[in-house]
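Numbering (my numbering), first residue to last: 17 to 169.
Just so it is clear, CB atoms sit at the ideal spot from N, CA and C, and this is done for glycine as well.
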């Protein structure tokens, strides 16, 4: 069996994706997430803590981090896909689809009984990789606290 925690790398043209957390550019990820629609105002320590407890997929153009995704997972039965992005100036190059393709091809996915994500953007992208909306009453339950990271006066 493949070690699901070993570093994986993918390359395509001038771009590369790695799960090597030592290459993760936390300030770059923080800069994007703090202005995202799902984590506005998030602090850098929270980004770092989240990354340290996740399976990270960093997308690079040379040495510049231009995208990111992470699985929060137990590496055995479940993973939650979150914080997926590609910088605006790199969108339209099929890099988002490639990022999700790499995430879904990681050895850990073969073991997982369930993968989930919450998104209000790009459902067409996730549908291509087998994600389906959950529209069953009383099936999925969440506690949602939007604006948690925004500073209070």
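Consult DSSP for residue 107 and reduce its assignment to one of helix, strand or coil.
In the chain shown, the residue the question calls residue 107 occupies position 91. Of the three classes helix, strand and coil, the one that applies to residue 107 here is coil, per DSSP.
If you run the structure through DSSP and keep just helix, strand and coil, what is residue 55?
Here residue 55 refers to the residue found at position 39 when the chain shown is read from its first residue. Here residue 55 sits in coil by DSSP.
Evaluate residue 86 with the Cβ neighbour count: other Cβ atoms within 10 Å of its Cβ, from every protein chain shown; 16 or more gives buried, anything less gives exposed.
In the chain shown, the residue the question calls residue 86 occupies position 70. Buried.
Entirely within the segment 35-94 and at least 4 residues each: give me those alpha helix (DSSP H) ranges in chain order.
Annotation: the segment 35-94 contains the following complete segments of the alpha helix (DSSP H) (minimum length 4 residues), in chain order: 42-49 and 60-68.
Please classify residue 164 as buried or exposed, where buried requires at least 16 neighbouring CB atoms within 10 angstroms.
Your numbering for residue 164 matches position 148 in the chain shown. Residue 164 comes out exposed.
Looking at the unbroken alpha helix (DSSP H) that takes in residue 141, where does it start and where does it end?
Looking up residue 141 in the chain shown gives position 125. Element bounds for residue 141: 139-143.
For the candidate residues 30, 83, 93 and 152, whose alpha-carbon lies nearest to that of residue 105?
In the chain shown, the residue the question calls residue 105 occupies position 89. That would be 83, whose Cα lies nearest to the Cα of residue 105.
When we look at the beta-carbon of residue 36 and count the other beta-carbons within 10 Å, is it buried (16 or more) or exposed?
On the chain shown, residue 36 is found 20 positions in, with the first residue counted as 1. Looking at its Cβ environment, which holds fewer than 16 other Cβ atoms inside 10 Å, residue 36 is exposed.
Buried versus exposed, by CB contacts within 10 Å (16 or more), residue 134
Taking the first residue of the chain shown as position 1, residue 134 is located at position 118. By the neighbour-count criterion, in which a residue is buried when 16 or more other Cβ atoms sit within 10 angstroms of its Cβ, residue 134 is exposed.
If you draw a straight line from the C-alpha of residue 88 to the C-alpha of residue 119, how long is it?
Here residue 88 is taken as the residue at index 72 of the chain shown, counted from 1. Here residue 119 is taken as the residue at index 103 of the chain shown, counted from 1. Rounded to the nearest angstrom, the two C-alpha atoms are 12 Å apart.
What separation, rounded to the nearest whole angstrom, lies between the Cα atoms of residue 64 and residue 42?
Locating residue 64 in the chain shown gives position 48, counting from the first residue. Locating residue 42 in the chain shown gives position 26, counting from the first residue. Distance between the alpha carbons of residue 64 and residue 42: 6 Å.
Apart from the five residues just before and just after residue 91, which ones in its own chain have a Cβ nearer than 8 Å to its Cβ?
The residue you call residue 91 lines up with position 75 of the chain shown. Here the set comprises 20, 21, 71, 124 and 127.
Can you tell me whether residue 150 is helix, strand or coil according to DSSP?
What you label residue 150 is simply residue 134 of the chain shown in a count that begins at 1. In this structure, residue 150 counts as coil in the three-state DSSP scheme.
Determine the closest residue to residue 97 out of 51, 78, 103 and 69, with distance taken between C-alpha atoms.
As a first step, residue 97 is located in the chain shown; it is residue number 81 there, counting from the start. Here the closest residue by C-alpha is 69.
Spatial neighbours of residue 17 in its chain, beta-carbon cut-off 6 Å, leaving aside the 5 residues before and after:
The count along the chain shown starts at 1 and reaches residue 17 at position 1. A caution first: residue 17 carries a pLDDT of 48, below 50, which makes its placement in the model unreliable, though a value can still be read off. When the five nearest sequence neighbours on each side are left out, no beta carbon in the same chain lies closer than 6 Å to the beta carbon of residue 17.
Look at the Cβ atom of residue 94, then the Cβ atom of residue 31, and state whether they are nearer than 8 Å.
Numbered from its first residue, the chain shown carries residue 94 at position 78. Numbered from its first residue, the chain shown carries residue 31 at position 15. Going by C-beta atoms, residue 94 is not nearer than 8 Å to residue 31.
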